[in-house]
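Student:
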């Protein structure tokens, strides 16, 4: 089953962790009901404790930007889910990238064990389609207990590249009335 939920873009700081996870730094932002969004610097812990303006709320910038939906698992149900999901990724890799499959399998054993060891520390998010057969993003907090980060299984993602120069040229063409771009 192909699921086209978006989880991240290169507009965010993405760190490759042990060739298995992508780790994305997040921040809490203030969103005003409607259109206005404050994407400024991450406020200090003291500032966060101040009350929010009426009609605003604190949200995780990545979760909010990609419409990720909170979901929950107990340890047993997550173990069942992750075994099935990893099996699908491995089958895909065996067909499309056979040399990666055994590497993926070994890395999965190590990293899933780490997740399950600290299971209570994780929050779980699924894509906008709310399809439980797809990727489940993991959210945790840095050592400071305040700074959130998202974890995605690298081999469970498909990369799409957007060529920006073409978009900018089309804008310039329509703005300046240029007839041909050759």
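Residue numbers (the working numbering): 142 to 323. Even glycine gets a Cβ: it sits at the ideal position worked out from N, Cα and C.
Could you spell out where the beta strand (DSSP E) holding residue 218 opens and where it closes?
Tutor: For this step, residue 218 is matched to residue 77 along the chain shown. Segment 216–237 is the alpha helix (DSSP H) holding residue 218; no beta strand (DSSP E) there.
Student: Between residue 278 and residue 266, how many whole angstroms is the CB-CB distance? I'm expecting something under 8 Å.
Tutor: Within the chain shown, the letter at position 137 stands for residue 278. Within the chain shown, the letter at position 125 stands for residue 266. The pair is a contact, with the Cβ atoms about 4 Å apart (cut-off 8 Å).
Student: Are residue 169 and residue 210 close, meaning C-beta to C-beta below 8 Å?
Tutor: Locating residue 169 in the chain shown gives position 28, where the first residue counts as 1. Locating residue 210 in the chain shown gives position 69, where the first residue counts as 1. With contacts defined by Cβ atoms closer than 8 Å, residue 169 and residue 210 do not form a contacting pair.
Student: Confirm, please, whether the CB-CB distance from residue 275 to residue 230 is below 8 Å.
Tutor: Here the question's residue 230 lines up with position 89 in the chain shown. Here the question's residue 275 lines up with position 134 in the chain shown. The answer is no: Cβ separation not under 8 Å.
Student: Whole angstroms are fine: how far does the CA of residue 203 sit from the CA of residue 288?
Tutor: Walking along the chain shown from the start, residue 288 turns up at place 147. Walking along the chain shown from the start, residue 203 turns up at place 62. For residue 288 and residue 203, the distance between alpha carbons rounds to 13 Å.
Student: On the criterion of 16 or more Cβ atoms from any shown chain inside 10 Å, does residue 268 qualify as buried, or is it exposed?
Tutor: Taking the first residue of the chain shown as position 1, residue 268 is located at position 127. Under this definition residue 268 is a buried residue.
Student: So, helix, strand or coil for residue 267, using DSSP?
Tutor: Counting from 1 along the chain shown, the entry for residue 267 is found at position 126. Looking at residue 267 - three-state DSSP - the assignment turns out to be strand.
Student: Would you list the residues sitting across from residue 276 in a DSSP beta bridge?
Tutor: Here residue 276 refers to the residue found at position 135 of the chain shown. Answer is none; residue 276 lacks a bridge partner.
Student: Specify the secondary structure class of residue 259 as computed by DSSP and reduced to three states.
Tutor: For the purposes of this step, residue 259 is taken as the residue at position 118 of the chain shown. Correct three-state label for residue 259: coil.
Student: Over the uninterrupted beta strand (DSSP E) stretch that includes residue 155, give me the two end residues.
Tutor: Taking the first residue of the chain shown as position 1, residue 155 is located at position 14. First-last of the beta strand (DSSP E) with residue 155: 155–158.
Student: Helix, strand or coil for residue 150 per DSSP?
Tutor: Your numbering for residue 150 matches position 9 in the chain shown. Note: residue 150 maps to coil in three-state DSSP.
Student: Let me know the secondary structure DSSP gives residue 291 once reduced to three states.
Tutor: Taking the chain shown and counting its residues from 1, one reaches residue 291 at position 150. Reduced to three states, the DSSP call for residue 291 is strand.
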